[in-house]
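*Asks:* In this text, residue positions in the sequence shown follow this note's numbering: the first is 573, and each later residue adds one.
Sharing a structure, written as structure tokens. Questions coming.
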Amino acid sequence: MTAIDPRDGGTPRDTPDPAALIELAEARSAHNYHPLPVVLTSGSGAWVTDVTGRRLLDWLAGYSALNFGHGHPRLLARAHAQLDRLTLTSRAFHHDLFGRFCAELADLCGMDRVLPMNTGAEAVETGVKTARKWGYRVKGIPAGRARIVVAADNFHGRTTTIVGFSTDEEARSDHGPFTPGFDIVPYGDAGAVEAAIEAADGTCAAVLLEPIQGEAGVVVPPPGYLETVREVTRRHGVLMIADEIQSGLGRTGRTFACEHEGVVPDVYLLGKALGGGLLPVSAVVGSDEVLGVHRPGEHGSTFGGNPLACAVALEVIAMLREGEPQRWATGLGEVLHSELAALREDPGSGVIAVRGRGPWAGVDLDPALGTGREVSERMLERGVLVKDTRASTIRIAPPLVIEEEDLRWGLERLREVLAR
Numbered sequence: 573m574t575a576i577d578p579r580d581g582g583t584p585r586d587t588p589d590p591a592a593l594i595e596l597a598e599a600r601s602a603h604n605y606h607p608l609p610v611v612l613t614s615g616s617g618a619w620v621t622d623v624t625g626r627r628l629l630d631w632l633a634g635y636s637a638l639n640f641g642h643g644h645p646r647l648l649a650r651a652h653a654q655l656d657r658l659t660l661t662s663r664a665f666h667h668d669l670f671g672r673f674c675a676e677l678a679d680l681c682g683m684d685r686v687l688p689m690n691t692g693a694e695a696v697e698t699g700v701k702t703a704r705k706w707g708y709r710v711k712g713i714p715a716g717r718a719r720i721v722v723a724a725d726n727f728h729g730r731t732t733t734i735v736g737f738s739t740d741e742e743a744r745s746d747h748g749p750f751t752p753g754f755d756i757v758p759y760g761d762a763g764a765v766e767a768a769i770e771a772a773d774g775t776c777a778a779v780l781l782e783p784i785q786g787e788a789g790v791v792v793p794p795p796g797y798l799e800t801v802r803e804v805t806r807r808h809g810v811l812m813i814a815d816e817i818q819s820g821l822g823r824t825g826r827t828f829a830c831e832h833e834g835v836v837p838d839v840y841l842l843g844k845a846l847g848g849g850l851l852p853v854s855a856v857v858g859s860d861e862v863l864g865v866h867r868p869g870e871h872g873s874t875f876g877g878n879p880l881a882c883a884v885a886l887e888v889i890a891m892l893r894e895g896e897p898q899r900w901a902t903g904l905g906e907v908l909h910s911e912l913a914a915l916r917e918d919p920g921s922g923v924i925a926v927r928g929r930g931p932w933a934g935v936d937l938d939p940a941l942g943t944g945r946e947v948s949e950r951m952l953e954r955g956v957l958v959k960d961t962r963a964s965t966i967r968i969a970p971p972l973v974i975e976e977e978d979l980r981w982g983l984e985r986l987r988e989v990l991a992r
């Protein structure tokens, strides 16, 4: 089987059999994901190419890890330059980019200190440990009694601690026993947050929330929710921790989703786009009072804050400081939500509800159209990569570098699928 390789000016090449590659992956990997039946081999901007040479429009962006698209030239240049210099030291030694990365990320967040990790789940785990340490060492909570308030339908990662306070039974099943100390309240209900804090009788250390719940279907809380939670946590002497791993770094048209309500939490949890789509980079960012509770030897990460990660993340921070990703995302979001609202108003479209902010949307579909998985497979047939979440919901999250023309082309493919 031969195809034209777009990377080499049109030279025919032998094409791997995608079915064989999928069969190999299914036979030799654990089945913890259910990928769509496509095998990708290269990408540029908002487009990717599969092993047969077919180009596809990326509407998932690695769950927001690829906010800046595939192979952004500025990010690649920084990575290539650093690869020739130094990639890893471990935190046993200083390196020349570490202090600068921490300072510039802290400044971007309006905070004092940074604790770098690798994955988003590591950032959340570190945030939990930090909140408990702060609760014991600063607030004076009796040993072993610190509690953290979380929201139902949350998604903060896949570690045993995190799935223990998930309400998704598929994520929790067969992973217990779970870590105690978490109180789950309805998302969007600030009164329930305050009631849980009061019920903890002085032992609540933190409230951990996603400003927008991604995995739940891009759920935007009611207006004023984050602002009220911020006021409640201040009044009760409790930390507000914002998990901006998916919602942050330009995804909603602002650097952080909390900014839409003028809220600054005590702690930001960051990841995904911080690594520019090139490598895993995450961080906990907070004040001297909060992150100052950590002492040498109590927490660490071999790869956290490595030179390569710092180099790429510094370029991400520079791009966000320039503001172009946020401005472009705002315009894209207006187009996306205007078109999706028109679909919602069309009684024949099968669109039941649309939620989201910026170029990020959850679209609930009439189950008669098929499951979210089936709709995603039909979109794949038409050249658009989108992914389901929660039964008959699809989420749309293209790279922020997508051209408006390409976004509209993808929306037309969605109309075709829904018209079937």
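No residue lacks a Cβ here, since even glycine has one placed at the ideal position from N, Cα and C.
Keep in mind it's a predicted model, so treat the numbers as computed, not measured.
Could you pull the DSSP bridge partners for residue 691 from this structure?
*Replies:* Start at 1 with the first residue of the sequence shown, and residue 691 comes out as number 119. Paired residues: none, contrary to the question.
*Asks:* Determine the direct distance from the alpha carbon of residue 713 to that of residue 602, and round the result to whole angstroms.
*Replies:* Reading the sequence shown from its first residue, position 30 is the one you call residue 602. Reading the sequence shown from its first residue, position 141 is the one you call residue 713. One C-alpha to the other measures close to 42 Å.
*Asks:* According to DSSP, simplified to helix, strand and coil, what is residue 985?
*Replies:* Residue mapping note: residue 985 aligns to position 413 of the sequence shown, counting from 1. Helix at residue 985.
*Asks:* Let me check understanding here. Comparing Cα to Cα, which of 586, 830, 607 lies closest to residue 594?
*Replies:* Working through the sequence shown from its first residue, we reach residue 594 at position 22. Ranking 586, 830, 607 by Cα distance to residue 594 puts 607 first.
*Asks:* DSSP three-state label for residue 577, please.
*Replies:* Within the sequence shown, numbered from 1, the residue matching residue 577 stands at position 5. Confidence is the limiting factor: at residue 577 the pLDDT is only 40, short of 50, which leaves the residue's position unreliable, though a coordinate-based value still follows. Of the three classes helix, strand and coil, the one that applies to residue 577 here is strand, per DSSP.
*Asks:* Could you say which of 928, 873, 858, 931 lies nearest to residue 702 if we only look at CA atoms?
*Replies:* In the sequence shown, the residue the question calls residue 702 occupies position 130. Comparing Cα-Cα distances from residue 702 to each of 928, 873, 858, 931, the minimum goes to 858.
*Asks:* So the alpha helix (DSSP H) residue 724 belongs to, where does it begin and stop?
*Replies:* If you number the sequence shown from 1, residue 724 lands on position 152. It is not in any alpha helix (DSSP H) - residue 724 carries neither H nor E in the DSSP assignment.
*Asks:* I'd like to check one pair, residue 931 with residue 908: are the Cβ atoms closer than 7 Å?
*Replies:* Within the sequence shown, residue 908 is the residue found at index 336, counting from 1. Within the sequence shown, residue 931 is the residue found at index 359, counting from 1. In contact: residue 908 and residue 931 (Cβ atoms closer than 7 Å).
*Asks:* For residue 640, which option in 801, 717, 900 has the closest C-alpha, if you only look at C-alpha atoms?
*Replies:* Locating residue 640 in the sequence shown gives position 68, counting from the first residue. Comparing Cα positions, the closest option is 900.
*Asks:* Any chance you could list the alpha helix (DSSP H) runs of at least 4 consecutive residues sitting entirely within the segment 617-677, in chain order?
*Replies:* 633-636, 645-655
*Asks:* To which residues of the same chain is residue 989 closer than 7 Å at the C-beta, ignoring the five residues directly before and after it?
*Replies:* In the sequence shown, residue 989 corresponds to position 417, counting from 1. So the list reads 947, 950, 951, 954, once near-sequence residues are dropped.
*Asks:* Got a sec, what are the start and stop residues for the alpha helix (DSSP H) residue 860 sits in?
*Replies:* In the sequence shown, residue 860 corresponds to position 288, counting from 1. Note, residue 860: alpha helix (DSSP H), 860-863.
*Asks:* Hey, how far is the Cα of residue 653 from the Cα of residue 749?
*Replies:* Residue 653 sits at position 81 when you count from the first residue of the sequence shown. Residue 749 sits at position 177 when you count from the first residue of the sequence shown. Spanning the two alpha carbons is a distance of roughly 46 Å.
*Asks:* Tell me which residues share the same chain as residue 782 and place their Cβ nearer than 6 Å to its Cβ, disregarding the 5 neighbours each side in the sequence.
*Replies:* One-based indexing of the sequence shown puts residue 782 at position 210. Cβ within range, chain order: 815.
*Asks:* Could you tell me the alpha carbon to alpha carbon distance between residue 636 and residue 642, rounded to whole angstroms?
*Replies:* In the sequence shown, residue 636 corresponds to position 64, counting from 1. In the sequence shown, residue 642 corresponds to position 70, counting from 1. Distance from the CA atom of residue 636 to the CA atom of residue 642, rounded to whole angstroms, is 12 Å.
*Asks:* How long is the line joining the alpha carbons of residue 997 and residue 829, rounded to whole angstroms?
*Replies:* Nothing can be reported for residue 997: it is not among the residues displayed for the chain, which extend from 573 to 992.
*Asks:* From the DSSP secondary-structure annotation, give me the bridge partner or partners of residue 842.
*Replies:* The residue labelled residue 842 in the question sits at position 270 within the sequence shown. DSSP, once it has assigned bridges, lists 855 as partnering residue 842.
*Asks:* Are the segment 868-887 and the segment 613-626 touching, with three or more C-beta to C-beta distances below 8 Å?
*Replies:* Contact between the segment 868-887 and the segment 613-626 is absent, because fewer than three Cβ pairs lie under 8 Å.
*Asks:* Expressed to the nearest angstrom, what Euclidean distance is found between the alpha-carbon atoms of residue 724 and residue 624?
*Replies:* On the sequence shown, residue 724 is found 152 positions in, with the first residue counted as 1. On the sequence shown, residue 624 is found 52 positions in, with the first residue counted as 1. If you take the alpha carbons of residue 724 and residue 624, they lie about 42 Å apart.
*Asks:* What first and last residue would you give for the alpha helix (DSSP H) that runs through residue 947?
*Replies:* Here residue 947 refers to the residue found at position 375 of the sequence shown. Counting along the chain, the alpha helix (DSSP H) containing residue 947 begins and ends at 944-953.
*Asks:* Closer than 8 Å by C-beta to residue 680: which residues in its own chain qualify, once you throw out the five before and the five after it? Chain order, please.
*Replies:* Against the sequence shown, residue 680 aligns to sequence position 108. Answer for residue 680: 827, 889, 892, 893, listed in chain order.
*Asks:* From this set, 821, 733, 668, which residue's C-alpha is nearest residue 896's C-alpha?
*Replies:* Locating residue 896 in the sequence shown gives position 324, counting from the first residue. Closest option to residue 896, Cα to Cα, is 821.
*Asks:* Just how far apart, CA to CA, sit residue 942 and residue 923?
*Replies:* Against the sequence shown, residue 942 aligns to sequence position 370. Against the sequence shown, residue 923 aligns to sequence position 351. The straight-line gap from Cα to Cα measures roughly 12 Å.
*Asks:* Would you mind reading off the limits of the beta strand (DSSP E) that contains residue 776?
*Replies:* Residue numbering aside, residue 776 sits at position 204 when the sequence shown is read from its first letter. Where residue 776 is concerned, the enclosing beta strand (DSSP E) stretches over 776-781.
*Asks:* Helix, strand or coil: how does DSSP classify residue 813 here?
*Replies:* Indexing the sequence shown from 1 puts residue 813 at position 241. Three-state result, residue 813: strand.
*Asks:* Would the segment 798-816 count as touching the segment 830-849 if we require 3 or more Cβ pairs under 8 Å?
*Replies:* By the Cβ test, the segment 798-816 is in contact with the segment 830-849, since at least three Cβ pairs between them sit closer than 8 Å.
*Asks:* Within 10 angstroms of the Cβ of residue 819, are there 16 or more other Cβ atoms? Answer buried if so, exposed if not.
*Replies:* Against the sequence shown, residue 819 aligns to sequence position 247. Its Cβ being crowded by 16 or more others within 10 Å, residue 819 is buried.
*Asks:* Closer than 7 Å by C-beta to residue 905: which residues in its own chain qualify, once you throw out the five before and the five after it? Chain order, please.
*Replies:* Reading the sequence shown from its first residue, position 333 is the one you call residue 905. So the list reads 825, 929, 930, 931, once near-sequence residues are dropped.
*Asks:* I believe residue 962 touches residue 788 by the beta-carbon criterion, under 8 Å. Please report the beta-carbon distance rounded to the nearest angstrom.
*Replies:* Numbered from its first residue, the sequence shown carries residue 962 at position 390. Numbered from its first residue, the sequence shown carries residue 788 at position 216. Taking C-beta atoms under 8 Å as the contact rule, residue 962 and residue 788 qualify, at a distance of about 7 Å.
*Asks:* Are there three or more Cβ pairs, one per stretch, closer than 8 Å when the segment 686-703 is compared with the segment 724-735?
*Replies:* yes
*Asks:* Can you check whether the CB of residue 711 is closer than 7 Å to the CB of residue 865?
*Replies:* The residue labelled residue 865 in the question sits at position 293 within the sequence shown. The residue labelled residue 711 in the question sits at position 139 within the sequence shown. For residue 865 and residue 711, no; Cβs fall outside 7 Å.
*Asks:* Kindly identify the DSSP beta-bridge partner or partners of residue 965.
*Replies:* Within the sequence shown, residue 965 is the residue found at index 393, counting from 1. Paired residues: 936.
*Asks:* Leaving aside the five residues before and after residue 926 along the sequence, list all residues of the same chain whose C-beta is less than 8 Å from its C-beta, in chain order.
*Replies:* As a first step, residue 926 is located in the sequence shown; it is residue number 354 there, counting from the start. Within the same chain, residue 926 has close Cβ partners 909, 912, 913, 915, 916, 933, 934, 935, 936.
*Asks:* Which stretch, first to last residue, makes up the alpha helix (DSSP H) that contains residue 893?
*Replies:* Working through the sequence shown from its first residue, we reach residue 893 at position 321. From DSSP, the alpha helix (DSSP H) with residue 893 extends over 879-894.
*Asks:* Along the chain, where does the alpha helix (DSSP H) containing residue 765 start, and where does it finish?
*Replies:* Looking up residue 765 in the sequence shown gives position 193. 762-771 is the extent of the alpha helix (DSSP H) around residue 765.
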